[in-house]
Structure formats: structure tokens, C-alpha cells
Amino acid sequence: MKMKMKHNEYNCELLDVTKNNIQNLYIISNKVLPIHYPMEYFYKILPFESYTTTSNKKKVVHGSKNEIFYTKLAAYHGIPIGCIKAKTLFNKNNIIPIGIYIEIIAILGPYRNKRIGRKLLNYVEDECKKSFIHKIYVHVSVNNLPAIKWYQKLGFVESDVLPNMYQLNDGNSCNAIIMVKTL
Ligand SMILES: CC(C)(COP(=O)(O)OP(=O)(O)OC[C@H]1O[C@@H](n2cnc3c(N)ncnc32)[C@H](O)[C@@H]1OP(=O)(O)O)[C@@H](O)C(=O)NCCC(=O)NCCS
1 MKMKMKHNEY
11 NCELLDVTKN
21 NIQNLYIISN
31 KVLPIHYPME
41 YFYKILPFES
51 YTTTSNKKKV
61 VHGSKNEIFY
71 TKLAAYHGIP
81 IGCIKAKTLF
91 NKNNIIPIGI
101 YIEIIAILGP
111 YRNKRIGRKL
121 LNYVEDECKK
131 SFIHKIYVHV
141 SVNNLPAIKW
151 YQKLGFVESD
161 VLPNMYQLND
171 GNSCNAIIMV
181 KTL
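Once you know that position 101 of the sequence shown is 101 in this note's numbering, the rest is easy, because the numbers rise by one and skip nothing.
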């Protein structure tokens with residue numbers, strides 16, 4: 001059966017992140033979010049040693065050996081307009097997965113409210129189900145009321161407050177709320 005699309009829903013596609021398009025993750029995140037994320041933060045998602053650069057004649061190896069990331073770019077007519085970056089959280093012994101933590105979810109302003117964020121979240125939820133993980137966590141700045149309401153709409157509840165979690169670009173800091181969705 002063909003699903004009917006809502007009038008303002010965009011039929012975007014989700015792209016895997018590779019060394020050829022990873023720059024878009026950096027650009028979208030830093031354009032949308034009030035915190036600066038260095039490029040190194042994103043290189044960690046690439047498979048270990050899949051990407052290398054030379055800095056001061058020293059070979060720099062990117063990628064992460066022991067973290068599991070879930071990352072996608074959302075593209076509309078081939079143009080990246082949103083992204084998600086999440087990773088598996090493990091228990092204290094680093095053995096049992098206890099949840100997936102969304103580090104970044106960001107949609108460029110003109111493309112919001114077109115169910116693209118929902119599609120990115122669905123991708124992470126599907127990954128949870130495949131791995132028998134039942135919790136999705138996220139931190140949100142207490143000031144980011146639209147995002148808090150959005151997470152609530154999509155089934156997250158507030159669970160805790162982390163004081164001074166975010167160091168903002170203007171030098172100030174603010175508290176974060178931990179929100180959790182149980183699948
Ligand atoms: C939060 C964000 C990711 C949501 O993505 P989006 O693509 O705009 O949201 P969607 O269109 O998928 O929204 C899904 C549903 O939530 C509703 N919704 C959208 N914004 C909402 C809001 N602020 N409050 C309540 N509901 C909201 C939509 O109407 C839609 O409802 P429907 O499916 O029943 O029609 C996006 O707005 C964004 O990038 N914001 C800025 C960055 C940010 O704050 N990121 C989170 C940091 S932790």
C-alpha cells in the first residue's frame with residue numbers, strides 16, 4: 001500500500017556519511033547549533049584508519065576503534081540539508097549496550113517541519129531495534145524549548161538536569177536536560 005505524504009512533507013533521502021561528504025556534517029551542525037564542533041569530532045565516525053591527513057609531516061589517523069556511531073545526512077534533491085550523529089552507550093564495563101545517545105540532530109532552517117527530523121530519528125530507532133537496545137538518550141539545552149517540545153512530541157520524557165553542560169560560543173554556559181525515549 002502506498003503511504004500518503006503530508007502536504008508539507010519532503011521526500012528526502014538519507015545518505016551514509018563517507019569521507020567524501022563528511023564535510024557537510026560539519027557545515028550543517030555548525031550552522032544550526034550554538035556550539036562549535038571541530039572537524040575532528042566528525043572524523044571519529046569514519047571507520048578506523050579510513051581517512052588520514054598529514055599535519056606537520058605527521059600522519060594523523062582518524063576514525064574510532066571502539067565506538068559505534070549511527071550517522072546519516074538527509075538530502076533533498078541530492079543537497080544535504082540535515083544530519084544526525086548518534087552513538088551506542090555502554091555499561092561501566094564497556095560491554096553491554098544500554099542505549100543510543102543522540103549527539104547531534106540538526107536541520108537547516110528552511111527545511112524544518114517537513115518530517116526530516118522524524119525520519120532521522122526513525123533511522124536511529126530502527127538501529128536500536130536491530131541491536132535490541134530499548135533506550136534513546138539526548139541532552140538538550142534548557143533554553144531550547146522548541147527542541148524540548150519536539151522531543152516530547154516524539155515520545156521522549158525529561159529524566160535529569162546536568163548543570164553547566166554547554167559551554168556556549170559567547171563564553172557563557174547553560175544547563176542541559178537529559179531526555180529519554182523508551183522503545
Ligand atoms: C528539532 C529538529 C531536529 C526537528 O526536526 P524537523 O524536521 O523540523 O521536525 P519534523 O518535521 O520531523 O517534526 C515531526 C513532528 O513534530 C512536530 N514539530 C516540529 N517542531 C515542533 C516543535 N518545536 N514542538 C512540537 N512539535 C513540533 C511537527 O509538526 C511534526 O508533527 P507531525 O509529524 O505530527 O506532522 C529541527 O527543528 C532542528 O534542527 N532544530 C534546530 C537544532 C536543534 O535544536 N537540535 C536539537 C538539539 S538537541
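A virtual CB, placed ideally from N, CA and C, is assigned to each residue, including glycine.
- Around TYR123, the same chain offers LEU14, TYR70, LYS72 and ILE84 as residues with beta carbons nearer than 8 angstroms, after the five sequence neighbours per side are excluded.
- Residue state for PRO38 is assigned as coil, using DSSP reduced to three classes.
- Inclusion of CYS128 and ILE104 in the CB contact set at 8 angstroms is not warranted, their separation being larger than that value.
- When DSSP assignments are scanned along the segment 95-169, the uninterrupted stretches of beta strand (DSSP E) that are 3 or more residues long and fall wholly within it turn out to be 97-107, 135-141 and 157-167.
- Set against 7 angstroms, the gap from the CB of PRO146 to the closest heavy atom of ligand 1 is smaller.
- The beta-carbon separation of VAL161 and ALA106, rounded to 23 angstroms, does not stay under the 8 angstroms limit for a contact.
- Looking only at TYR26, ILE45, LEU46 and PRO47, the smallest Cα-Cα distance to MET39 is reached by TYR26.
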